[in-house]
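Asker: All the letters of the sequence shown, read from the start, carry residue numbers 195 to 366 under the working numbering.
Glycine included, every Cβ here is placed at the ideal spot set by N, Cα and C.
Here the structure is a predicted model, which means the values were calculated and not measured.
Dumping the structure here so I can ask a few things about it.
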Amino acid sequence: MQLKISILLTALLSQVSFGQNKDLIIVRNFAEQYNPSFESNMGVPALGNIKNEVINAIKELRGASKVELEKYLTLIFIKLYRAHLECCHQSFELRLSDKTYIDQNQDPLLYEFNLLIKMFKQNEMIPFISSRISYDYVMSHSYLLEYNKIKSEIKIIDRLLDKINKGIYWKD
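Structure representation (structure tokens):
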């Protein structure tokens, strides 16, 4: 009887572990491949439509792999901030919805990111959510710089900010 219970528990734990690994792969691939468009006439780069598969994987990782989720969500928002600086030399509002709070359905990645970083209270009125929050978050949580992809983005952002502060906006 104990052997059957042990085998059953092992099987269940394997399924949970496999599911988490699958979700982690989905989120990692999305974060690493995410490339906000900033081509001319495309408007300000935005997150746009995110596949349900990615949103569901993020929700599944929320309690189980918080460290990894933090790393990949931060990477997504850092890339978006970089694209805003490259495009328009400033940060922009992150929300796609016109609501004064972070809407879980219309801005699911921002909602999940805020759950992690705890910048804003749920359903509180928020006048503006700057795309720079990811940069500021990394600056105050420097362990995220151990992830080379975030570190690379931060270096690019720092160079862009330096040029912007000097009034150098576009390449000649």
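1. Looking only at its chain, what residues have a beta carbon closer than 6 angstroms to the beta carbon of Ser291, apart from the 5 residues adjacent to it on each side?
2. Can you give the Cα-Cα distance for Lys360 and Leu288, rounded to whole angstroms?
3. Measuring CA to CA, which of Thr268, Ser325 and Asn223 is closest to Glu247?
4. What are the partner residues of Glu287, as DSSP defines its beta bridges?
5. Sorted by chain position, which residues of the same chain lie with C-beta nearer than 8 angstroms to Tyr329's C-beta, five sequence neighbours on each side aside?
6. Reducing DSSP to helix, strand and coil, say where Phe212 ends up.
7. Examine chain D for any beta-carbon lying closer than 8 angstroms to the beta-carbon of Ser325, and answer yes or no.
8. Considering only the alpha carbon of each residue, which of Gly257, Leu255, Ser231 and Tyr266 lies closest to Lys345?
9. Buried or exposed for Thr204, going by 16 or more other Cβ atoms inside 10 Å?
Answerer: Reading off the structure:
1. Mapped onto the sequence shown, residue 291 falls at position 97. Residues Asp297, Gln300 and Asp301 of the same chain have their beta carbon placed closer than 6 angstroms to that of Ser291, with the five preceding and five following residues left out of the count.
2. On the sequence shown, residue 360 is found 166 positions in, with the first residue counted as 1. On the sequence shown, residue 288 is found 94 positions in, with the first residue counted as 1. For Lys360 and Leu288, the distance between alpha carbons rounds to 26 angstroms.
3. Taking the sequence shown and counting its residues from 1, one reaches residue 247 at position 53. For the residues Thr268, Ser325 and Asn223, the minimum Cα distance to Glu247 belongs to Asn223.
4. Within the sequence shown, residue 287 is the residue found at index 93, counting from 1. According to DSSP, Glu287 bridges with Ser324.
5. Indexing the sequence shown from 1 puts residue 329 at position 135. The residues are Ile272, Tyr275, Ile348 and Ile351.
6. Locating residue 212 in the sequence shown gives position 18, where the first residue counts as 1. Note on Phe212: pLDDT 47, under 50, position unreliable in the model; no value is reported.
7. Among the protein chains of the structure shown there is no chain D, as only one such chain exists.
8. Walking along the sequence shown from the start, residue 345 turns up at place 151. Per the Cα distances, Tyr266.
9. Within the sequence shown, residue 204 is the residue found at index 10, counting from 1. Because Thr204 sits at a pLDDT of 49, beneath the cut-off of 50, its placement in the model cannot be relied upon, and the following sentence gives the value as read from the coordinates. Looking at its Cβ environment, which holds fewer than 16 other Cβ atoms inside 10 Å, Thr204 is exposed.
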